[in-house]
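Asks:
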Amino acid sequence: MTASAFSSQDTAALERQTDSPTEAPVTFEQIWNETHKKVSLGWIRQNGYKRICLQFPDDYLPHSNAISTCLQTALATEDCKIFILADTTYGSCCVDEIAAAHVEADSIIHFGNACRSKASRLPVLYLYPVLPLELSTVMQQLATLQPACAEREVCVYLDIGYQHIYEHQLAEGEDTLHSQLREVLRPKKLFIEVYPPPAEDCIENKEQAEKENASTAERICIFIGADNQRFANLSLTTTAFQWHILDGASGTLTAKNPLTAQYIRRRYYYIEKCKDAQTLGLIVATLSAVGYLDVVSRLQEMAKSRGIKTQLISVGRINPAKLANFLEIDCFVLIGCPFNNMYNSKEYYKPIVSVFEAEMALNPAWHMKYPEAYVTDFKQLLPEGRSFLAFDAQAVQPQDVSLVSGRMRGGTASDEPVDSNTTVATQAKMALMTNDSGLTFEDRTWQGLDPALGETEPAKLQKGLSGIPINYSHD
């Protein structure tokens, strides 16, 4: 079978990579030990849960049955049922409350990578892997940063696999890690944080850090983990003078600059394409994060003030083949969790922007304003968020010129046709740009299966086959 633009090879499902290709494979002992078991059983019994869902990422699935059996055996006398969630609706980092509702679950235990978005329907217990870390190797590598860290503020972030070290020391009343880091780096101030932080402490921690540190641009940040999705999110949203990654598995230390000039130029190009769009596709990639409906309403209001049509889309996990079906969409806006809203649009036929980039494109308050840091959590763009800027429809410019196509853009929602004399001629061909919005749904030659309602005779009900596929009964 030959793959086309709208299909894939028949072996693609077998060869597909898991969600986190940069993550090192984990063993059963790393994701399930006596501590995990004790915490899980205590949480279930303390709250009286009876129908518990275990949500696993793809690379944890080989161990899912053993973990489920362990819990089921321990809860055999308490009338509890354990369910395994294998194929999540949007992303493995998000709590899949939709799938859990199918079995009427009253709680979820989430394993592995987690964005810690606040769930709106069910209580959630997060369990992280326990990865080994040689502190002597860590201190030896970090000693090379001592000249740069001297008399500066340093913040050390622990990835999910290494948070157990710091949490264990805090539980035991020790401060060994903090003392060793201070002795090696000799900073002006030293902060140690886990990432992602607990949902209830996330906002408080960020506000406290901003109060304690007025010059975050001079801070040196060190991430103990791998160059993965979590580091990308953290480094984009945290202002720092330098970023370093200390890989806990290999013990190597590397400098990393997340906001390169090439990356910034590419994102601003997508923002300009969002301004040019005549139809925006709002992709809802979460149904559990608090505030996603408010973001949808806000984007629709801002788009309408600029004369841009919007379509609400929900297709589960997105891929180029799915989005290629929406030919009339000029640009997509992905409304997802902080870990699931950045896509490389090079793989897609139309650009995909985050909610923050759409806000910069559609809200005049962001024009001519350079953000202090990138915003991946759309809740921070709502009225209660720290990056909120009020939208004023009266401030939308009636007309401006696209920096990509060179044509005139209208800023009103008027239905009157645009005079072709107002379009701008390109310098290359000196030809007038057209205002055709492309192929709409009504113009398609095929619009899906024809239901032919009222045009067919009702069929007589007949008894179908029974049994299993290898041995149907034809009686």
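Quick note, the sequence shown lines up with residues 1 to 475 if you use our numbering.
Where a beta carbon is used, it is the ideal one built from N, C-alpha and C, also for glycine.
Being a predicted model, the structure only gives us computed values, none of them experimental.
What are the complete alpha helix (DSSP H) segments, minimum 4 residues, inside the stretch 83–129?
Replies: Runs of the alpha helix (DSSP H) inside the stretch 83–129: 97–101.
Asks: Can you tell which of V404, T445 and R409 has its C-alpha closest to the C-alpha of V396?
Replies: R409
Asks: What span of residues does the alpha helix (DSSP H) with T69 cover, start to end?
Replies: S64 to A74
Asks: What does V333 pair with, by DSSP beta-bridge criteria?
Replies: DSSP, once it has assigned bridges, lists L282 and V353 as partnering V333.
Asks: With DSSP collapsed to three states, give me the class of L461.
Replies: Note: L461 maps to coil in three-state DSSP.
Asks: For the structure I just gave you, are there three or more beta carbon pairs, one from the stretch 296–303 and one from the stretch 275–283, closer than 8 Å?
Replies: Contact holds between the stretch 296–303 and the stretch 275–283, because three or more Cβ pairs, one in each stretch, are under 8 Å apart.
Asks: Using DSSP bridges, identify the partner residues of D504.
Replies: The first residue shown for the chain is 1 and the last is 475, placing residue 504 beyond what the model contains.
Asks: Measuring CA to CA, which of D330, A285 and F339 is closest to V315?
Replies: For V315, the closest C-alpha among the options D330, A285 and F339 is that of A285.
Asks: The alpha helix (DSSP H) that contains S250, what's its start and end?
Replies: S250 -> no alpha helix (DSSP H), and no H or E assigned at all.
Asks: To the nearest angstrom, how far is the alpha carbon of R230 from that of I224?
Replies: 11 Å
Asks: Cutting at 6 Å between CB atoms, please list the residues of its own chain near Y157, excluding the five before and the five after it.
Replies: So the qualifying residues of the chain are E193, Y195 and F223.
Asks: Candidates V184, K346, A358 and L142: which alpha carbon is nearest G335's?
Replies: For clarity, residue 335 is Ile in the given sequence; the question names Gly instead. Looking at the Cα atoms, A358 is the closest of the given residues.
Asks: Helix, strand or coil: how does DSSP classify Y49 here?
Replies: coil
Asks: Would you call the stretch 312–329 and the stretch 246–254 in contact, with 3 or more CB pairs under 8 Å?
Replies: no
Asks: Helix, strand or coil for S466, going by three-state DSSP, please let me know.
Replies: strand
Asks: Counting Cβ pairs closer than 8 Å, one from the stretch 254–261 and one from the stretch 124–131, do we hit at least three?
Replies: no
Asks: Need the endpoints of the alpha helix (DSSP H) that Y270 sits in, please.
Replies: A261 to D276
Asks: Can you check which of these residues, Y90, K50, D294 and D96, is closest to K81 by C-alpha distance?
Replies: K50
Asks: Per DSSP, Q55 is paired with what?
Replies: Paired residue(s): L85 and H110.
Asks: For G464, count the other beta carbons within 10 Å of its own beta carbon; 16 or more makes it buried, fewer makes it exposed. Which is it?
Replies: exposed
Asks: How long is the line joining the alpha carbons of A209 and T237, rounded to whole angstroms?
Replies: Confidence at A209 is low in this model, with a pLDDT of 46, below 50, so its placement is unreliable and no value can be given for it.
Asks: Rounded to whole angstroms, what's the CA-CA distance from Q399 to L362? Just pull it up for me.
Replies: 13 Å
Asks: Report all residues from its chain with a CB closer than 6 Å to the CB of P458; omit the five preceding and five following residues, and keep chain order.
Replies: none
Asks: Do D392 and P477 have their beta-carbon atoms positioned less than 8 Å apart in this structure?
Replies: Here the chain covers residues 1 to 475 and nothing more, so residue 477 does not appear.
Asks: Whole angstroms are fine: how far does the CA of R267 sit from the CA of K273?
Replies: 10 Å
Asks: Take every Cβ of the stretch 28–37, pair it with every Cβ of the stretch 86–100, and state whether three or more of those distances are shorter than 8 Å.
Replies: no
Asks: If you draw a straight line from the C-alpha of A119 to the C-alpha of Q140, how long is it?
Replies: 40 Å
Asks: Could you pull the DSSP bridge partners for T310 from this structure?
Replies: Note: T310 sits in a beta bridge opposite L280.
Asks: Use the C-beta contact count for G467: other C-beta atoms within 10 angstroms, 16 or more gives buried, fewer gives exposed.
Replies: exposed
Asks: Taking C-beta to C-beta, are Q169 and L177 nearer than 8 Å?
Replies: yes
Asks: What three-state label does DSSP hand Y157 in the structure shown?
Replies: strand
Asks: Run the CB neighbour count on W32, radius 10 Å, all protein chains shown included, and call it buried at 16 or more, exposed below.
Replies: buried
Asks: Less than 8 Å separating the beta-carbons of D330 and K350?
Replies: When the beta-carbon positions are compared, D330 and K350 come within less than 8 Å of each other.
Asks: Distance check for L246 and V184, CA to CA, integer angstroms please.
Replies: Each residue's CA atom was taken as its position, placing V184 and L246 some 15 Å apart.
Asks: Between the C-alpha atoms of F332 and H110, what's the straight-line distance to the nearest angstrom?
Replies: 29 Å
Asks: Whose C-beta lies closer than 6 Å to the C-beta of I98 among residues of the same chain, with five residues either side of it excluded?
Replies: Only T89 and L287 meet the Cβ criterion.
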